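Just so we're aligned: the sequence shown equals residues 65 to 328 in the working numbering. For reference, the structure is listed below as structure tokens.
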Amino acid sequence: MDGVLWRGDQPLPGMLPFFATVRRLGIKFILATNNASKSGEEYLAKLRKFGVHVALDEVLTSPQATAAYLARHAPEARVFVIGEPGLAAELRAKGLHVVNDQPERATHVVVGWDRTLTYDKLAEACLLIRRGATFIGTNPDATYPSERGIVPGNGATLAALRVSTDVEPIIIGKPQPEMMLQAMARMGGSPENTAVVGDRLDTDILGGQNAGLTTLLVLTGVTSPEEAHNGAIRPDYVFRDIGAVAEALQQVSAVGPESPVSPA
């Protein structure tokens, strides 16, 4: 959502026409975000401020995907969390035990974007991982497109722990396919009839490719036109913004699904 629908607290061009278009055409969607700083309910509240109303099951955050993954693979996990309050809330909502007050009990370390990150948190996570706790990252985004500019993302925190433990984290969010698979399962979709729209080549577009989806890049986030056309990761289509995606959907709807889409 960040860099596609908004940047910080500012909506990006074409957001309202996009939602009007997909609702009118009956296109199912999931708003899947690697951002681990907010819960699904917080995203609903933010969207309402912009005049957009979606259901909770139309939002999938990397904390939600991480909680679902752990509930499926390690339901008895005791988790030490680095992250914003929304991450711990999603883990608890799936019946998982957050043990930050007793970190020595942790069997898993889950790391999400944390704007109050301290050396003590990093040190505790490092020690736990070195003792054998499973290392999980909600998402690998190295940067985050804030209103102030591009700032460090969760990938920067994961990198610090990776080099201090020599352990590679299990990544749940994009570009790994887990989040895409969860989103498709919610919609009842398949790779043949599902597309991903994003602003990052290394997460959104690569993640879509890893899941076998059609990929649409918008240029309102961290990717420049030069990177979009000359990078090692190539999207299927490139659009100026989400409004141009809405225009393309209307075009395809008017002339039929077999017609080519002209990216803006």
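Note that CB positions come from ideal geometry on N, CA and C, so glycine has one too. Bear in mind the structure is a predicted one, so any value in this text is a computation, not a measurement.
Quiz prompt | Under the three-state DSSP convention, the category residue 80 falls into | solution = For residue 80, the secondary structure class from DSSP, reduced to helix, strand or coil, is helix.
Quiz item: Just checking my contact of residue 201 with residue 222 at CB under 8 angstroms: how many whole Å lie between their CB atoms?
Solution: About 5 angstroms separates the two Cβ atoms, so the contact holds.
Exercise. Grab me the residues of residue 101's own chain with a C-beta within less than 6 angstroms of its C-beta, minus the 5 sequence neighbours each way, in chain order.
Key: Sequence-distant partners of residue 101 (beyond 5 residues in either direction) whose C-beta falls short of 6 angstroms from its own C-beta, in its chain, are 148 and 177.
Exercise. Using only alpha-carbon positions, find the residue among 168, 204 and 180 that is nearest to residue 191.
Key: Taking the Cα of residue 191 as reference, the smallest distance to any Cα among 168, 204 and 180 is reached at 168.
Exercise. Quickly, what does DSSP pair residue 301 with across the bridge? List them, please.
Key: Looking at the DSSP assignment, residue 301 forms a beta bridge with 280.
Quiz prompt | Spatial neighbours of residue 273 in its chain, beta-carbon cut-off 7 angstroms, leaving aside the 5 residues before and after | solution = Cβ within range, chain order: 279.
Exercise. Using a threshold of 8 angstroms, state whether the C-beta atoms of residue 255 and residue 225 are closer than that.
Key: No, these two residues do not count as a Cβ contact at 8 angstroms.
Quiz item: By Cβ distance, which residues of its chain are closer than 6 angstroms to residue 77, with the 5 residues on each side in sequence left out?
Solution: For residue 77, where only same-chain residues beyond five positions count, the Cβ hits under 6 angstroms are 305 and 307.
Quiz item: Is the beta carbon of residue 262 sitting closer than 8 angstroms to the one on residue 281?
Solution: For residue 262 and residue 281, yes; Cβs fall inside 8 angstroms.
Practice problem: Could you tell me whether the stretch 153-166 touches the stretch 129-140, where touching means 3 or more Cβ pairs closer than 8 angstroms? | Solution: As far as the Cβ criterion goes, the stretch 153-166 touches the stretch 129-140, which means the pair count is three or higher.
Self-check item: Start-to-end residues for the beta strand (DSSP E) that takes in residue 31
Solution: The chain is shown from 65 up to 328; residue 31 falls before or after that span and cannot be answered.
Exercise. Measure how close the beta-carbons of residue 207 and residue 217 come, nearest whole angstrom, since I'm counting them as under 8 angstroms.
Key: About 5 angstroms separates the two Cβ atoms, so the contact holds.
Quiz item: Just reading off the beta strand (DSSP E) that residue 209 is part of, what are its end residues?
Solution: 207-210 is the span of the beta strand (DSSP E), which, as asked, contains residue 209.
Exercise. State the start and end residues of the unbroken beta strand (DSSP E) segment that holds residue 130.
Key: Not the beta strand (DSSP E): residue 130 falls in the alpha helix (DSSP H), residues 126-137.
Quiz item: At which residues does the beta strand (DSSP E) containing residue 142 begin and terminate?
Solution: In the DSSP annotation of this structure, the continuous segment of the beta strand (DSSP E) that includes residue 142 starts and ends at 142-146.
Quiz item: Alpha carbon to alpha carbon, how far is residue 212 from residue 160?
Solution: Residue 212 and residue 160 have their alpha carbons spaced roughly 35 angstroms apart.
Exercise. With DSSP collapsed to three states, give me the class of residue 161.
Key: Looking at residue 161 - three-state DSSP - the assignment turns out to be strand.
Quiz item: Going by beta carbon distance, what residues of the same chain come within less than 7 angstroms of residue 82, once the five residues before and after it are set aside?
Solution: So the qualifying residues of the chain are 306, 307, 309 and 310.
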